[in-house]
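These notes are about the structure you will find just below.
Residue numbers (this note's numbering): -15 to 457.
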């Protein structure tokens, strides 16, 4: 699992190390690791390193000094290195770079971004933004791409678009979330002996997901694997019920119970004969929750936000089992947050516009998810390019899988069905949300690779993704 920290946490962790270690030790560790990643990037892109040209963009702080010291390492490996000095850098680093033979050459094979470090906030100054306009070719960023807020991932103007970001000591929150994640490219870590304590955010990797995936225990039956209820769809929005039910089936639910109006129920029966389908009158919340034993509910996609939809939302949220609240049910709960006062686990899955019905979103997605989760005592899965999952205690995970293939109608219903199945299998809302988002993102990648983007195709890729993940052990 990746652990990321804020700049304030990093500075607090660095202070005792800087006081105890010989001067420059941490910087030399960072520079050596940065140089190794630059060499790797050169080999991958050009087939070799000797005689290749790396240009350093050097700011005035430690970030620029890291770049210069890495340049010294590269020069010793036969790489031609030049430096563009945006500000007066640390004298010791510049002197060492010049002694090692740093020169000005032509167009670089690789650029190292050491302009602005983890303390940067807001838009880049005009002279730095101008430098970025002249950058061509691949860029390796030092700790965080210039123009990215290392604490939040906000990009307030111009920013470096790196192919690789080399973090020192710990990952920085801003390169895993929001616009910062898009600017960072591949994010790698260089260990420098830093212990930053409890992370600001976490990010799952394949091994974590494998460990968290529920396993059928012998003797197994549909109840040990989890029964998920789907309360979705209406006469106006018929597809949502089919998509959420299909996703639950494909995600491995022991049983799926669908409760909905007649025309939606007919479509679900035709699409998913495995599901147990019950027709209920629109707005009959009691009949919905009386469909039989359910171990978690998926509530809201296509349900409607009128009196009938509100009645079903209220009835399902009054039960004592975990509930995933999505789509129209989110709108109902934003209008009446008292519905969320319940003892059983609750997972909200808003996209940005649905979140804004509860409170202002702002540029800091981690802070936003934490705030909504704490306010209502629920877990929040804030959907987007960099999905954030936060629980009421403030623990946050960011998701690093996904594809633009998921930016199509109905994929949110698929995510709900998959996460609801994980809830029914016994995962906590934090685990169900983060594992579900991870697998959903891989499904989107696989669907995109097949040249298709429709939601049912994403749902159908779920078992393939799980099999491939388990085969990589």
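Using N, Cα and C, we set each Cβ at its ideal position, and we do this for glycine too.
Find out if the Cβ-Cβ distance for the pair residue i, residue j is shorter than 8 Å.
i: residue 224; j: residue 217; result: yes
i: residue 40; j: residue 55; result: yes
i: residue 276; j: residue 295; result: no
i: residue 310; j: residue 282; result: yes
i: residue 461; j: residue 415; result: Because the chain is modelled from -15 through 457, residue 461 falls outside the range shown and cannot be assessed.
i: residue 60; j: residue 84; result: yes
i: residue 102; j: residue -9; result: yes
i: residue 358; j: residue 378; result: yes
i: residue 390; j: residue 442; result: yes
i: residue 459; j: residue 42; result: Residue 459 falls outside the range modelled here, since the chain spans only -15 to 457, and no answer is possible.
i: residue 51; j: residue 126; result: yes
i: residue 22; j: residue 58; result: yes
i: residue 38; j: residue 92; result: yes
i: residue 198; j: residue 406; result: yes
Can you give me the C-alpha to C-alpha distance between residue i and residue j, rounded to a whole angstrom?
i: residue 470; j: residue 345; result: No answer is possible for residue 470: it lies beyond the span of the chain, which begins at -15 and ends at 457.
i: residue 307; j: residue -3; result: 39 Å
i: residue 229; j: residue 363; result: 22 Å
i: residue 301; j: residue 323; result: 7 Å
i: residue 411; j: residue 45; result: 45 Å
i: residue 342; j: residue 287; result: 19 Å
i: residue 53; j: residue 133; result: 24 Å
i: residue 27; j: residue 109; result: 33 Å
i: residue 249; j: residue 261; result: 6 Å
i: residue 121; j: residue 147; result: 9 Å
i: residue 158; j: residue 373; result: 15 Å
i: residue 7; j: residue 19; result: 20 Å
i: residue 104; j: residue 140; result: 11 Å
i: residue 402; j: residue 339; result: 21 Å
i: residue 255; j: residue 284; result: 20 Å
i: residue 321; j: residue 360; result: 8 Å
i: residue 334; j: residue 371; result: 10 Å
i: residue 434; j: residue 449; result: 13 Å
i: residue 232; j: residue 215; result: 12 Å
i: residue 454; j: residue 446; result: 12 Å
Considering Cα atoms alone, identify which of the options is closest to residue i.
i: residue -1; options: 179, 17 and 75; result: 179
i: residue 145; options: 156, 387 and 131; result: 131
i: residue 316; options: 291, 261 and 160; result: 291
i: residue 151; options: 430, -14, 414 and 67; result: -14
i: residue 331; options: 183, 21, 421 and 181; result: 421
i: residue 387; options: 394, 429 and 408; result: 429
i: residue 303; options: 327, 313 and 314; result: 327
i: residue 381; options: 456, 8 and 193; result: 193
i: residue 220; options: 312, 254 and 392; result: 312
i: residue 278; options: 263, 247, 207 and 340; result: 207
i: residue 263; options: 280, 254 and 242; result: 242
i: residue 111; options: 71, 353, 373 and 161; result: 71
i: residue 452; options: 438, 432, 435 and 427; result: 427
i: residue 385; options: 360, 374, 397 and 418; result: 418
i: residue 124; options: 183, 169 and 240; result: 169
i: residue 184; options: 404, 353 and 406; result: 353
i: residue 423; options: 398, 91 and 314; result: 398
i: residue 95; options: 115, 79 and 106; result: 115
i: residue 246; options: 266, 25, 236 and 237; result: 266
By Cβ distance, which residues of its chain are closer than 6 Å to residue i, with the 5 residues on each side in sequence left out?
i: residue 329; result: 306 and 413
i: residue 113; result: 142
i: residue 13; result: 176
i: residue 394; result: 227 and 439
i: residue 167; result: 129, 132, 143 and 145
i: residue 253; result: 261
i: residue 271; result: 264
i: residue 432; result: 387 and 389
If you count every other CB in all the chains shown that lies within 10 Å of the CB of residue i, and 16 or more means buried, which is it?
i: residue 251; result: buried
i: residue 195; result: exposed
i: residue 117; result: exposed
i: residue 47; result: buried
i: residue 64; result: buried
i: residue 467; result: With the chain running from -15 to 457 in the structure shown, residue 467 is simply not present.
i: residue 400; result: buried
i: residue 187; result: buried
i: residue 280; result: buried
i: residue 87; result: exposed
i: residue 10; result: buried
So, at 7 Å on beta carbons, what are the nonlocal neighbours of residue i in its own chain, with the 5 sequence-adjacent residues on each side left out?
i: residue 348; result: 136 and 138
i: residue 456; result: 190
i: residue 155; result: -14, -13, -12, 171 and 173
i: residue 444; result: 234
i: residue 298; result: 269 and 323
i: residue 375; result: 357, 363, 413 and 414
So with Cβ pairs under 8 Å, would you call residue i a contact of chain B?
i: residue 447; result: Protein chain content of the structure displayed is limited to a single chain, and chain B is not contained in it.
Tell me which same chain residues have a C-beta within less than 8 Å of the C-beta of residue i, skipping the five on either side of it?
i: residue -6; result: 102, 153, 154, 156, 178 and 180
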